[in-house]
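Residue numbers for the sequence shown, in mature numbering (1 follows the signal peptide of the UniProt record, and there is no 0): -21 to -1, 1 to 346.
All residues carry an ideal CB built from backbone N, CA and C; glycine is no exception.
A quick note: this is a predicted structure, and the numbers were derived from the prediction, not measured.
What follows is one structure encoded as structure tokens, with my remarks underneath.
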Amino acid sequence: MNRLQHLVMASLLATACSAQAQIRIGQTVGVTGAVAATVKESNFGAQLYLDAINAKGGVGGEKIELITLDDKFDPKLTAANARELIEQRQVLALFMTRGTPHTEGIIPILDEHGVPLLAPSTGAMVLHTPLKKHVFNVRATYQREAERAIAHLAAVGVTRIAVVHVDDSFGADGLEGAQKGLAAAKLTSAAVAKFDRSKPDFTQIAPAMAKLAPQAIMVIGSGTAVVDGIRALKDAGSGAQFVTLSNNASSGFVKLLGDNARGVIVSQVLPQSLNYALVQEAAQLAKAHDILEVSPAMLEGFASAKVLVEALRRAGPKPTREKLQAALESLSKFDLGGLTLSFSPTDHTGLDFADLSIISASGKFRR
């Protein structure tokens, strides 16, 4: 295990053993499975901020406990875990779920019990429009990211752009954003192919796509599936520029890519520049743990935890699910540190920030 993994495990163990925590927040997420590498980093970022708050006495004298259950990135387990957290563990809210079909599947459970879900780690449009009463998004949408990436490619003269996407609601959502971007640039896709979510197989997709020789390929999927897809495409002879979305913006994803990492474009939903106070704050806390660079995934967890803590403060002493829901809906023009987040009873979108980064030869995300 590397140092980050040790720190993550230590934080999880400390959280699980905490008998002093009085504010219980639940999370169901793929601690193991296809998205495990990114989950470790985003959870570390969130815990980094929560630990700092708890060290100062918590919120209103009550410490925050994050109870994390592993759903192995399986939507069925996500639903079962959500019920356990809400009905048995009596959590105040759910936090940072991951996966589009996974999060969609628990919305009826949230509505049944009046439980807010803050900061799902998915940018699916279905969680924004129409409004989902108990879902509060922090990050921008996948469609916004995909449109931004296509606009960039078109601006630098790339006209033959293909899309390879997972065959689920997440993949369809990202594809729609890519198609909007292509339409805005007066382009059409060079090719579109989809792969199975549970058993990704690129043996037919890769050679067929390589034969078409697109200049760029946007690969919409999660973790190991995208790694396998890019490897298969390169092995088939594709020399395309590869692009993927922010759900893969983690150091763990870069490590999984290995020699194929350099030059891959990854969209971002939060800034990476130290010109932002949010990034400075996260970097200072991470440095205390000998983590010298905050990955995009860490920063998303960190920012999400900041929003959670602010909502808990506004909910007042002895917060209830109803009080937290009301506090979130009144969270207007909250400065995260150079970025302004707003919720209202009719708008649960949060931020609209989207940018691009490229993986450098040293394995770092660079603008």
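(request) Could you round the C-beta distance between A124 and A333 to whole angstroms and report it? I think they count as a contact, below 8 Å. (result) For this step, residue 124 is matched to residue 145 along the sequence shown. For this step, residue 333 is matched to residue 354 along the sequence shown. The sequence given here places Glu at residue 124; Ala does not occur at that position. About 5 Å; that satisfies the 8 Å criterion.
(message) Once the 5 residues before and after A215 are set aside, which same chain residues still bring their CB inside 7 Å of it?
(response) Looking up residue 215 in the sequence shown gives position 236. A185, P186, A189.
(message) Within 10 Å of its beta-carbon, does R176 have 16 or more other beta-carbons around it, so buried, or fewer, so exposed?
(response) For the purposes of this step, residue 176 is taken as residue 197 along the sequence shown, with counting starting at 1. Buried, since its Cβ has 16 or more Cβ neighbours within 10 Å.
(message) What does the alpha-carbon distance come out to for the pair I85 and A16?
(response) By one-based count along the sequence shown, residue 85 stands at place 106. By one-based count along the sequence shown, residue 16 stands at place 37. Distance from the CA of I85 to the CA of A16, rounded to the nearest whole angstrom, comes to 23 Å.
(request) Could you pull out every residue in the same chain whose Cβ sits closer than 6 Å to the Cβ of V54, ignoring the five residues on either side in sequence? (result) Position 75 of the sequence shown, counted from the start, is the residue given in the question as residue 54. Residue identity check: residue 54 is Pro in the sequence provided, not Val. For P54, where only same-chain residues beyond five positions count, the Cβ hits under 6 Å are P80, H81, G84.
(message) Quick check: the Cα distance between L226 and M75, rounded to an integer number of angstroms?
(response) Here residue 226 corresponds to residue number 247 of the sequence shown, with the count starting at 1. Here residue 75 corresponds to residue number 96 of the sequence shown, with the count starting at 1. In the sequence as presented, Leu is not what sits at residue 226; that position holds Asn. Their backbone Cα atoms lie some 12 Å apart in a straight line.
(request) Express the C-alpha separation of A294 and E308 in angstroms, rounding to a whole number. (result) Along the sequence shown, read from residue 1 onward, the residue named residue 308 stands at position 329. Along the sequence shown, read from residue 1 onward, the residue named residue 294 stands at position 315. When only Cα atoms are considered, E308 and A294 end up about 11 Å apart.
(message) Does K111 pass the burial test, meaning 16 or more other C-beta atoms within 10 Å, or should it be called exposed?
(response) If you number the sequence shown from 1, residue 111 lands on position 132. With 16 or more Cβ atoms within 10 Å of its Cβ, K111 is classed as buried.
(request) Can you grab the Cα-Cα spacing for the pair A306 / R210, in whole Å? (result) Along the sequence shown, one-based indexing puts residue 306 at 327. Along the sequence shown, one-based indexing puts residue 210 at 231. Distance between the alpha carbons of A306 and R210 is about 46 Å.
(message) Among the candidates E91, F115, M104, whose CA atom is the shortest distance from the CA of L97?
(response) Reading the sequence shown from its first residue, position 118 is the one you call residue 97. Scanning E91, F115, M104 for the CA closest to the CA of L97 turns up F115.
(message) Taking a contact to mean a Cβ-Cβ separation below 9 Å, would you say G37 touches P296 in this structure?
(response) For the purposes of this step, residue 37 is taken as residue 58 along the sequence shown, with counting starting at 1. For the purposes of this step, residue 296 is taken as residue 317 along the sequence shown, with counting starting at 1. With respect to P296, G37 sits apart: the two C-beta atoms are not nearer than 9 Å.
(request) Answer with buried or exposed for K35, where buried requires no fewer than 16 other C-beta atoms within 10 angstroms of its C-beta. (result) Here residue 35 corresponds to residue number 56 of the sequence shown, with the count starting at 1. Classification of K35: exposed, given that the 10 Å Cβ count is below 16.
(message) The alpha helix (DSSP H) that contains S217, what's its start and end?
(response) Start at 1 with the first residue of the sequence shown, and residue 217 comes out as number 238. It is not in any alpha helix (DSSP H) - S217 carries neither H nor E in the DSSP assignment.
(message) Excluding the 5 residues flanking G208 on each side, which residues of the same chain have their C-beta closer than 8 Å to its C-beta?
(response) Along the sequence shown, read from residue 1 onward, the residue named residue 208 stands at position 229. Here the set comprises V143, F174, P179, F181, I184, A185, V198, G200.
(request) Return the Cβ separation of G5 and I65 in integer angstroms, given the expectation that the two are a contact with Cβ distance under 8 Å. (result) Within the sequence shown, the letter at position 26 stands for residue 5. Within the sequence shown, the letter at position 86 stands for residue 65. 7 Å between Cβ atoms; contact.
(request) In the DSSP assignment, find the alpha helix (DSSP H) that holds E272 and state where it starts and stops. (result) For the purposes of this step, residue 272 is taken as residue 293 along the sequence shown, with counting starting at 1. Following the DSSP letters along the chain, one finds E272 in no alpha helix (DSSP H), marked with neither H nor E.
(request) Report the rounded CA-to-CA distance for D50 versus N60, giving the unit in angstroms. (result) Residue numbering aside, residue 50 sits at position 71 when the sequence shown is read from its first letter. Residue numbering aside, residue 60 sits at position 81 when the sequence shown is read from its first letter. Cα to Cα, the separation comes out at about 7 Å.
(message) For S339, which residues in the same chain have their Cβ closer than 8 Å to its Cβ, ignoring the five residues on either side in sequence?
(response) As a working note, residue 339 is residue 360 in the sequence shown. In chain order, R241, R345 place their CB closer than 8 Å to the CB of S339, counting only its own chain and leaving out the 5 sequence neighbours on each side.
(request) For S246, I'd like the list of residues in its chain whose CB is within less than 8 Å of its CB, leaving aside the five on either flank, ordered along the chain. (result) The sequence position of residue 246 within the sequence shown is 267, counting from 1. Only E124, A125, R127, A128, V222, T223, L224, S225, A228, A333, D334, L335, S336 meet the Cβ criterion.
(message) How far does the alpha helix (DSSP H) with T319 in it extend, from its first residue to its last?
(response) On the sequence shown, position 340 is the one that residue 319 refers to. T319 -> not in any alpha helix (DSSP H); beta strand (DSSP E) instead, spanning 319 to 323.
(request) With a cut-off of 8 Å on the beta carbons, I'd call G93 and R300 a contact; round off their distance for me. (result) For the purposes of this step, residue 93 is taken as residue 114 along the sequence shown, with counting starting at 1. For the purposes of this step, residue 300 is taken as residue 321 along the sequence shown, with counting starting at 1. Sure, about 5 Å apart at Cβ, within 8 Å.
(request) For residue 355, I'd like the list of residues in its chain whose CB is within less than 7 Å of its CB, leaving aside the five on either flank, ordered along the chain. (result) Because the chain here runs from -21 to 346, residue 355 falls outside it and cannot be looked at.
(message) How far does the alpha helix (DSSP H) with H113 in it extend, from its first residue to its last?
(response) Indexing the sequence shown from 1 puts residue 113 at position 134. Per DSSP, H113 is not a residue of any alpha helix (DSSP H), being assigned neither H nor E.
(message) Classify R77: buried if its beta carbon has 16 or more other beta carbons within 10 angstroms, exposed otherwise.
(response) The residue you call residue 77 lines up with position 98 of the sequence shown. Under this definition R77 is a buried residue.
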